[in-house]
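Student:
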Amino acid sequence: MTISTFLYSSTNVVAEGEPAEEFLKRLRAAGYYDLANAYLDRLPNLPGVDQGILSAIPLEKAQTSIDAAIASRSNSQRDQAFEQAETELQAYVDANSSHERASEARSMLGKLQMVRAAQHMSGELDAGKRSKAREAYAKAAKTFENIQSDLKTKLEGMQGAKIDPLKDPEKATLRDQFRFEYLMARQNTGEAQLMAAKTYENPSKDGKALLEKALAEMVELSEKYDNYIIGASAFHKRGDIERLLGQKDKAIESYTRMLEQGEADSLREPQIGATIGLIKLALEEDPPKYQDAIKQGEEFEKSLRPDEKRLAISQELRIELAKAFIAKSKDEKNTKPNERKRATSDARQLLLSARKVDGPHSAETKTLLADLGVQSSDETVELPTADDPASFDEAFLSANQLVQTSQLLSDQLERLRADKASEDQIKEVEESLIEARQTGVIILRRGLSMINSESDTMQVNEARKFLTYLLQQEENFRDSFVTGRFLAQNAPGTDSGLVGGVLALGSAQKLIAQAGDREAEYWLKELQSVGDYLVRIWPDDPKAAAAQDIMVRLALSNDDFDGSRKLIDEMPEGPQKFMLARLLGQSLWNDSIRLLSEEKTQESQTQMKAAAKELQKGLNGISGGLVSMEAFQAALTLAKIQVRTDAPDKAVKTLDNPKYGPIANRSKMDQPSASLISDLYRTELQAVVGLMTTSDKGTDKLLDRAAGAIDELRSNAQGADGEKRLVSTFVSLANDIRQQLDTAPPAKKAKLIDAFQVFLTRIADSTDDKATLQWVGQTLMELGEASMPAGKTKAEGQSAALLKAAADTFTDLKDPSEAGLANRFLLGKTQRLRGEYSSALNELESVLKQKAMMLDAQKEAALTYEQWAGELEPKFAGRAYKSALSGGRPGPDKKNTIWGWGRISQLTQRNEQFRDIFFESRYHVALCRYLQGKAMNNNAIIEQSIRDITGLVVLYPEMGGEEQRRKFDALLKQIQRAAGQPVVGLK
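One rule links them: number in this note's numbering = place in the sequence shown (from 1) + 42.
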């Protein structure tokens, strides 16, 4: 089940609103501003529309103009829309002073006038723009003063202090609303006066009167109303104004009182502002007290929450903190060079972070970065904003829409990526998605801070569910876990509580993946605690299975197979349990392969059997007509295990199972990958070959089936890459058959070879495909080599016949170009195994002339010289052994085309990648030297072969591992015995 399904699986609690109002919001949200205005024009003619919205049509049109202005990318269109909105609002305010939404309209007008003023202050400033901005701020201040006056009269008329909330709750609510709007108007008045003062080039001198008016508003708010959020936050602006007026001590006191107001979400931004003010004061000292500034700002900057990191005020904090580090970097008298270098680096990182967010700070950021030697960047990102909700209900409604919007944007993003849309399109949607999530978090946090005893519990739980989800999407996993766990524990038995708990588990998983060992252990315990709680409280709810799913997967990620099995066994019967059983089986299979690669055969077999048991259990539990790709893959893995454990008949039955068999249900697979198809038919081939060796019945049918699997593999391999994949598949299959032959008893080995030779002949006769024919040749060669008795270097009997067939196949495919290198190498190897040493060296020389660094060919050529020497008379053998050691077949440059064992060991000695080849070549150096000395009856050469080994063990005591060490030890003892020395080996 997806997260979006979780979020909307319960009945959503939606605040009631007029259909017309809701439709307008949706039109604006979709960017249909002209349509919204047309709809407003039609409203008076529509039946059933509330009179309240009809009387507020001019206000709604103004809101539409504001939204259109904000969305517009054209400066001229934006200015025109703002101007129209201001005109509409002013007309509405003048004509509807007693309307119930008049206060809202005046507030909108004032804010819009503030926005218009800020527009005048953007870009290159001159006296004219400053003057227009000042006039706009003055209008805004006057608008907010009118709001104050109106609300003050209403509050006095209500005799607010004498209202009893218990006896007259509606009047008390209205009083609280008026009081909030009054305080907001006072704050906005002071803000407008402060900004008007800042339009002067020297605010403290030319704007002093405005600053003093603004300060009076902020002092009144902060001293009389500090038990309200608005009053408490006023300490920030109060400090700013005092700093501009040169009242340093008072500013420090105001900033400090701001920081002491507690950690409420609504106070975070003013506290960031207060921190900025303290940094500025420290840097204004002579000399600058940069260390105080850094201490004050660094801790706060590091503690910025994810939803705060893109705020404009956060970028201002980063810029001021960067200035402090720059000041430190310039203090050569009191700092060390490394400290100054580190300070420059810290400043650069802060400014680069600020540059990622577009806003008024961008120009200053660019300048400061240029001073540090960093070039400008075109990268800009829009800053998400969220207006303060007036109530929890309003916050919930907005957040609900934002969550739905984020889901729509996520879907759109997936479609764009699937359609390979342009980077600009994808980036635009990504930024919108980030904005929607961040805005939702801000609104929900502010809304949840407004809940009280009368708030609807179900709606509050829904809000916490949305917050948990959005925090997780923003990768704020700690807060998401805490919020989700709180919701689960405080809403037991509810759908919201369950979803919160499941989301908390997902966040805990992420935290475990990101954490170090010690912290991961803590989060693991937290996850298990929440998981156990969910299963206990919601034992029969299908969604609770998600908790068990996470716990099982986490146990598997830690290779805790017993713990996973226990969790699965405790689950009720159902699809989830059987799916997890299959997952456990897959994990056990992967572990068995790991153990096999570590040569832990017995442990690997044990895990393989356990994997087969879990996979079979999970497959048997499948019910219904639809089977997932995961189940088909599990069946394929089970068939692989059955092939490896010598049960090809069971493997074929698994592949052909009418319910879950991947061969029987091939047409039902949903877009299987090319690699899966190759794996599937490769496994079928292995199973068929295995079946041919265990039964004499139905050989023709089995051969037909094998040919069909080959055809499927060939059809799956399209193009150059497909052909390479086909060759790789055949080569891998040949190697697997070789492994079966290595471990098969003699009777079965002969039967296996005979049956497979028939099989290979059938394939070769039915195709001209070079990849298939080369695979046939290589398989014949592998079969021939595997059937040679131990210690034999020249094939006889059945082995010789197989190798002749392989050589004939390679000869037919022979290609002198570089494309034929692999084929000619295999032909050379086949000729060596047949004892045709001169022909083998001719083929290998042709390969090495084209690709001298082909180590497999160099080893094969050296081994050919070595084995040929063993067939020659002693008077000729010594020279052949020398060629095996030092190479032969000189080219035009007089250098040997074939290197010999000595040169191979020299070139692989210092490369860890070729460690095994190095020790293999050193073994053959000692062996050839010994055999050369023996053929020439030269004791000095024999003694040198002893030193070849004893000198190597000094440098490499482990001698390349246990197997190589045993070989060296046996060879050394053989040489010591032949030389008449004490037979001590490597000791």
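We treat Cβ as the ideally placed atom computed from N, Cα and C, and that holds for glycine.
All values derive from a computational prediction rather than experimental measurement.
#1: Which stretch, first to last residue, makes up the alpha helix (DSSP H) that contains I321?
#2: In chain order, what residues of the same chain lie with their CB nearer than 8 angstroms to the CB of Q892, ignoring the 5 residues before and after it?
#3: For I940, write down the residues that DSSP places opposite it in a beta bridge.
#4: Determine the DSSP secondary structure at W565, reduced to helix, strand or coil.
#5: Only counting the same chain, and skipping five residues up and downstream in sequence, which positions put a Cβ closer than 8 angstroms to that of A324?
#6: Kindly give me the distance between the Cβ atoms of E125 and Q155, rounded to whole angstroms, as I take these residues to be in contact under 8 angstroms.
#7: Using the three-state DSSP reduction, which class does I554 fall into: helix, strand or coil?
#8: So what does DSSP say about M226, is it helix, strand or coil?
#9: Indicate the three-state DSSP secondary structure (helix, strand or coil) for R506 in the structure shown.
#10: For the alpha helix (DSSP H) that contains Q93, what are its first and last residues?
#11: Using a Cβ-Cβ cut-off of 7 angstroms (strictly less than) and excluding sequence neighbours within five positions of D420, which residues of its own chain qualify?
#12: Go ahead and pull the three-state DSSP assignment for M621.
#13: Excluding the 5 residues preceding and the 5 following V685 in the sequence, name in chain order all residues of the same chain whose CB lies nearer than 7 angstroms to its CB.
#14: Can you look up Q1023 in the DSSP assignment and give me helix, strand or coil?
#15: Give the C-beta separation of S308 and S491 to the nearest angstrom, bearing in mind that I take them to be a contact with Cβ-Cβ under 8 angstroms.
#16: Determine the contact status of T814 and I719, defining contact as a CB-CB distance below 8 angstroms.
#17: Ignore the nearest five residues each way along the sequence and tell me which others in L1079's own chain have a CB closer than 6 angstroms to its CB.
#18: Go ahead and pull the three-state DSSP assignment for V157.
#19: Kindly indicate which three-state DSSP category P379 falls into: helix, strand or coil?
#20: DSSP three-state label for N87, please.
#21: Please report how far the alpha carbon of I946 lies from the alpha carbon of L914, in whole angstroms.
#22: Rounded to whole angstroms, what's the CA-CA distance from L825 to K937? Just pull it up for me.
#23: Using the beta-carbon count (16 or more within 10 Å), is T427 buried or exposed?
#24: Return the CA-CA distance between Q955 and T447, expressed in angstroms with no decimal places.
#25: Rounded to a whole number of angstroms, what is the C-alpha to C-alpha distance between D521 and P348?
#26: Kindly indicate which residue of E472, L596, F438 and L439 has the alpha-carbon position closest to the one of L450.
#27: Closest by CA to K710, which one among E672, P86 and A147?
#28: Write down the C-beta distance between S149 and I108 rounded to the nearest angstrom, noting that I regard them as a contact closer than 8 angstroms.
#29: Please classify L529: is it buried, with 16 or more other beta-carbons within 10 angstroms of its beta-carbon, or exposed?
#30: Can you tell me the Cα-Cα spacing of G819 and R756, whole angstroms?
#31: Is the beta carbon of Q649 sitting closer than 8 angstroms to the one on D633?
#32: So L486 packs on Y511, CB below 8 angstroms; how close in whole Å?
#33: What are the start and end residues of the alpha helix (DSSP H) that includes M650?
#34: Might you give, ordered along the chain, the residues of its own chain that have their beta carbon closer than 6 angstroms to the beta carbon of P932, omitting 5 neighbours on each side?
#35: My understanding is that S987 touches I1017, with C-beta atoms under 8 angstroms, so please give their C-beta distance in whole angstroms.
#36: Give the single residue among S356, L875, E212 and C970 whose Cα lies nearest to the Cα of P831.
Tutor: Judging by the given coordinates:
#1: R310 to L325
#2: E860 and L863
#3: G930
#4: helix
#5: P330, K331, Y332, D334, A335, Q338 and A366
#6: With 8 angstroms as the limit, E125 and Q155 do not qualify as a contact, their Cβ atoms being about 11 angstroms apart.
#7: helix
#8: helix
#9: helix
#10: Q93 to S97
#11: Per-residue confidence for D420 stands at a pLDDT of 34, beneath the threshold of 50, marking its modelled position as unreliable; no derived number is given.
#12: helix
#13: A693, T725, Q728, A729 and G732
#14: coil
#15: 6 angstroms
#16: no
#17: Shown here, the chain extends from 43 to 1029; a query on residue 1079 therefore has no answer.
#18: helix
#19: helix
#20: helix
#21: 24 angstroms
#22: 36 angstroms
#23: Bear in mind that the predicted position of T427 carries a pLDDT of just 42, short of 50, making it unreliable; the figure below should be weighed with that in mind. Per the 10 Å Cβ criterion, exposed.
#24: 53 angstroms
#25: 10 angstroms
#26: E472
#27: E672
#28: The Cβ separation is near 12 angstroms, so there is no contact.
#29: buried
#30: 17 angstroms
#31: yes
#32: So it is not a contact: roughly 10 angstroms between Cβ atoms.
#33: T643 to N662
#34: N938
#35: 6 angstroms
#36: L875
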